[in-house]
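**Q** My questions all concern the structure below.
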Amino acid sequence: MSIVAPAKSHTPSAPLHKAINSFNPEAARGFLGAASIGLPTRDTVAALQADLQLRWNGRRDPVDYDPIYESTRASFAALVGVPVDRVATGSQTSVLASVVAAAVPDGAEVLCVDGDFSSVVFPFLQRSGVRVRSVPLEALPDSITDATWLVAFSFAQSATGQIADVAAITEAAHRHGALTLCDTTQAAGVYPVQAGMFDATVCHAYKWLCCPRGVAFLTLSEEFDAKLTPIQAGWYAGDSVWNSCYAPRMHLATTARRFDVSPVWQAWVGAQPAVRMFAGLDMSEVWAYASGLGDQLCDALGVPEQHQAIITWADAEGTDLATLTDAGITVTGRAGRMRASFHLWNNESDVLAVARALKKVAAQ
Numbered sequence: 000m001s002i003v004a005p006a007k008s009h010t011p012s013a014p015l016h017k018a019i020n021s022f023n024p025e026a027a028r029g030f031l032g033a034a035s036i037g038l039p040t041r042d043t044v045a046a047l048q049a050d051l052q053l054r055w056n057g058r059r060d061p062v063d064y065d066p067i068y069e070s071t072r073a074s075f076a077a078l079v080g081v082p083v084d085r086v087a088t089g090s091q092t093s094v095l096a097s098v099v100a101a102a103v104p105d106g107a108e109v110l111c112v113d114g115d116f117s118s119v120v121f122p123f124l125q126r127s128g129v130r131v132r133s134v135p136l137e138a139l140p141d142s143i144t145d146a147t148w149l150v151a152f153s154f155a156q157s158a159t160g161q162i163a164d165v166a167a168i169t170e171a172a173h174r175h176g177a178l179t180l181c182d183t184t185q186a187a188g189v190y191p192v193q194a195g196m197f198d199a200t201v202c203h204a205y206k207w208l209c210c211p212r213g214v215a216f217l218t219l220s221e222e223f224d225a226k227l228t229p230i231q232a233g234w235y236a237g238d239s240v241w242n243s244c245y246a247p248r249m250h251l252a253t254t255a256r257r258f259d260v261s262p263v264w265q266a267w268v269g270a271q272p273a274v275r276m277f278a279g280l281d282m283s284e285v286w287a288y289a290s291g292l293g294d295q296l297c298d299a300l301g302v303p304e305q306h307q308a309i310i311t312w313a314d315a316e317g318t319d320l321a322t323l324t325d326a327g328i329t330v331t332g333r334a335g336r337m338r339a340s341f342h343l344w345n346n347e348s349d350v351l352a353v354a355r356a357l358k359k360v361a362a363q
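Okay, structure coming up:
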């Protein structure tokens, strides 16, 4: 899978145009924070409000959430191109990654990326008897050896937005007999992710998928599934959820659903329309739109184009972060870098706002 080239100027298709218009236009202007938290869609807000009203009136039963939960799982499966029975659900990526970490044999090597997000690294660092080795992202494919049991990395780096060369990484892993775990949190919803390329993926949906926090996904190949133990098994991992409420009899699901954790019901109510919307979009078009705006910002600032939806540059003292924040623009600072992220609600006016704010200060 090669990196998808961006398009600086893009006329949205009808589905993408509808999706763009599903966000609050007043909140959207100057909000370049998708890499930290996504904006909710109009349908997500309406679904959450309706759910609260039902609960207020005493008209909600826990079983009401089951079809909402399952339809959201199906939408995510369609989005990342895997069968629905290969998708497990949770609430945080670190918890899901910990299931993988628990399966690493004593003495085995886990290869990670320098500066990667902690949720895909810490679960392995805290495992005694496991050797964790970190290398720069660019060196990851060539650093895989026959001694590597697992390669754990992010599809898009949180601090820099850099897209991993997943084709080279997975090819090298297969050649050396290593397994792969990919965190797609900073990619799913903006980049055309194919989760079936990896043995496992984890994804939190509150960023680019614009869901409430508390909605996360784990995808597993059948082969990797067989190596893992559902160490966090509870009643929602049961083959029949509502017949799994009481111990000691345990009959877990035979699919990846055996790794499910009890859902944050309200969060999934809000997630259902959002994930369904993204599953219905052409992700190559979404990437062209978002990364095209990113390249426009690079051009406006006179820096090399990064071909990414997340644009970063050195800002060790936080000067540019303070300038843009004072100008009413929502951006973030990470690892000594300024980070501006473009998603569906952004347009060229956001590019101009950033450029004007920074150039005004520079002129002064």
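To convert, note that position 72 of the sequence shown is 71 in numbering that gives the first Met the number 0; the numbers rise steadily by one, no gaps. Even for Gly, the Cβ is constructed at its ideal location relative to N, Cα and C. In this text, all values refer to a predicted model and were calculated from it rather than measured experimentally.
Have a look at Ala-252 and Glu-25 and give me their C-alpha separation to the nearest angstrom.
**A** C-alpha separation (whole angstroms): 45 angstroms.
**Q** So, Pro-247 versus Ala-236, is the Cβ gap smaller than 8 angstroms?
**A** In this structure, Ala-236 does not lie closer than 8 angstroms to Pro-247 by Cβ.
**Q** Out of Ala-138, Thr-169, Glu-137 and Val-165, point me to the one whose CA is closest to Trp-148's CA.
**A** Minimum Cα distance to Trp-148 is reached at Thr-169.
**Q** Tell me which residues share the same chain as Met-0 and place their Cβ nearer than 7 angstroms to its Cβ, disregarding the 5 neighbours each side in the sequence.
**A** Interpretation of Met-0 is limited by its pLDDT of 35, a score under 50 that renders its predicted location unreliable; the figure taken from the coordinates is listed afterwards. So the qualifying residues of the chain are Val-165, Ala-166, Gln-193 and Met-196.
**Q** Let me know the secondary structure DSSP gives Ala-232 once reduced to three states.
**A** Ala-232 falls in the coil class under three-state DSSP.
**Q** So, using beta-carbon positions, are Tyr-205 and Ala-155 closer together than 8 angstroms?
**A** No, Cβ-Cβ distance for Tyr-205 and Ala-155 is not below 8 angstroms.
**Q** What are the boundary residues of the alpha helix (DSSP H) that Ile-366 is part of?
**A** In this structure the chain extends from 0 to 363, so residue 366 is not present and cannot be described.
**Q** For Phe-368, I'd like the list of residues in its chain whose CB is within less than 7 angstroms of its CB, leaving aside the five on either flank, ordered along the chain.
**A** Here the chain covers residues 0 to 363 and nothing more, so residue 368 does not appear.
**Q** For the putative contact between Val-119 and Thr-218, defined by C-beta atoms under 8 angstroms, what is the C-beta separation to the nearest angstrom?
**A** So it is not a contact: roughly 14 angstroms between Cβ atoms.
**Q** Check whether the Cβ atoms of Ser-261 and Trp-286 sit closer than 8 angstroms, and answer yes or no.
**A** Result no, Cβ atoms of Ser-261 and Trp-286 do not sit closer than 8 angstroms.
**Q** Hey, would you say Val-201 sits closer than 8 angstroms to Thr-179, going by beta carbons?
**A** Contact flag unset, no.
**Q** Does the separation of the CB atoms of Pro-211 and Gly-279 fall below 8 angstroms?
**A** No; because the gap between Cβ atoms is not below 8 angstroms, this pair is not in contact.
**Q** Considering Arg-132, what are the terminal residues of the beta strand (DSSP E) in which it resides?
**A** Unbroken beta strand (DSSP E) run through Arg-132: 130-134.
**Q** Going along the chain, which residues of its own chain have a beta-carbon closer than 8 angstroms to the beta-carbon of Arg-41, five neighbours each way excluded?
**A** For Arg-41, where only same-chain residues beyond five positions count, the Cβ hits under 8 angstroms are Ser-21, Phe-22 and Asn-23.
**Q** Pick out whichever of Leu-15, Ala-87 and Ala-27 has its Cα sitting closest to the Cα of Ser-340.
**A** Ser-340 has its Cα closest to that of Ala-27, out of Leu-15, Ala-87 and Ala-27.
**Q** Indicate whether Asp-115 and Phe-152 have their beta-carbon atoms separated by less than 8 angstroms.
**A** Against a cut-off of 8 angstroms, the Cβ pair of Phe-152 and Asp-115 comes out as a contact.
**Q** So, does the stretch 32-49 touch the stretch 295-306, judging by three or more C-beta pairs under 8 angstroms?
**A** Contact fails: fewer than three Cβ-Cβ distances are below 8 angstroms.
**Q** Tell me the DSSP secondary structure of Ala-284 in three-state form.
**A** Looking at the sequence provided, one finds Glu at residue 284 rather than Ala. DSSP places Glu-284 in helix when its eight states are reduced to three.
**Q** One question on the structure: do Val-350 and Arg-338 come within less than 8 angstroms of each other, judged by their Cβ atoms?
**A** Not in contact: Val-350 and Arg-338 (Cβ atoms no closer than 8 angstroms).
**Q** Which same chain residues, not among the five before or five after Ile-143, have their C-beta less than 7 angstroms away from its C-beta?
**A** If we look at Ile-143 and ignore the five residues flanking it on each side, its Cβ neighbours are Leu-110, Val-150, Ala-171, Ala-172, His-175 and Ala-177.
**Q** If we count the other Cβ atoms within 10 Å of its Cβ and call it buried at 16 or more, is Pro-135 buried or exposed?
**A** So Pro-135 ends up on the exposed side.
**Q** Let me make sure I understand the geometry here. Which of Trp-344, Leu-15, Asp-50 and Ala-87 has the alpha-carbon closest to that of Ala-215?
**A** It is Ala-87.
**Q** Just how far apart, CA to CA, sit Leu-227 and Phe-30?
**A** Their backbone Cα atoms lie some 40 angstroms apart in a straight line.
**Q** From this set, Ser-133, Ala-255, Gln-265 and Gly-332, which residue's C-alpha is nearest Leu-95's C-alpha?
**A** If we check each option's Cα against that of Leu-95, Ala-255 comes out closest.
**Q** So, helix, strand or coil for Glu-108, using DSSP?
**A** Here Glu-108 sits in strand by DSSP.
**Q** Would DSSP call Ala-354 helix, strand or coil?
**A** DSSP places Ala-354 in helix when its eight states are reduced to three.
**Q** Measuring straight from C-alpha to C-alpha, what distance separates Val-103 and Ala-18?
**A** Each residue's alpha carbon lies about 41 angstroms from the other.
**Q** Measure the C-alpha to C-alpha separation of Asn-56 and Thr-71 and round it to an integer number of angstroms.
**A** Distance between the alpha carbons of Asn-56 and Thr-71 is about 25 angstroms.
**Q** Return the Cβ separation of Gly-160 and Ile-310 in integer angstroms, given the expectation that the two are a contact with Cβ distance under 8 angstroms.
**A** Indeed they touch by this definition, with Cβ atoms about 7 angstroms apart.
**Q** Look up Ile-328 in the DSSP assignment and say whether it is helix, strand or coil.
**A** Correct three-state label for Ile-328: coil.
**Q** Please report the Cβ distance between Arg-257 and Ala-289, rounded to the nearest whole angstrom; I am assuming they are in contact, meaning their Cβ atoms lie under 8 angstroms.
**A** With a Cβ gap of about 35 angstroms, Arg-257 and Ala-289 do not count as contacting.
**Q** Ala-255 by DSSP, collapsed to three states: which one?
**A** Helix.
**Q** When you compare the CB positions of Leu-208 and Ala-273, do they come within less than 8 angstroms of one another, or not?
**A** Going by C-beta atoms, Leu-208 is nearer than 8 angstroms to Ala-273.
**Q** State the Cα-Cα distance for the pair Leu-51 and His-16, rounded to the nearest angstrom.
**A** So the two alpha carbons sit approximately 29 angstroms from each other.
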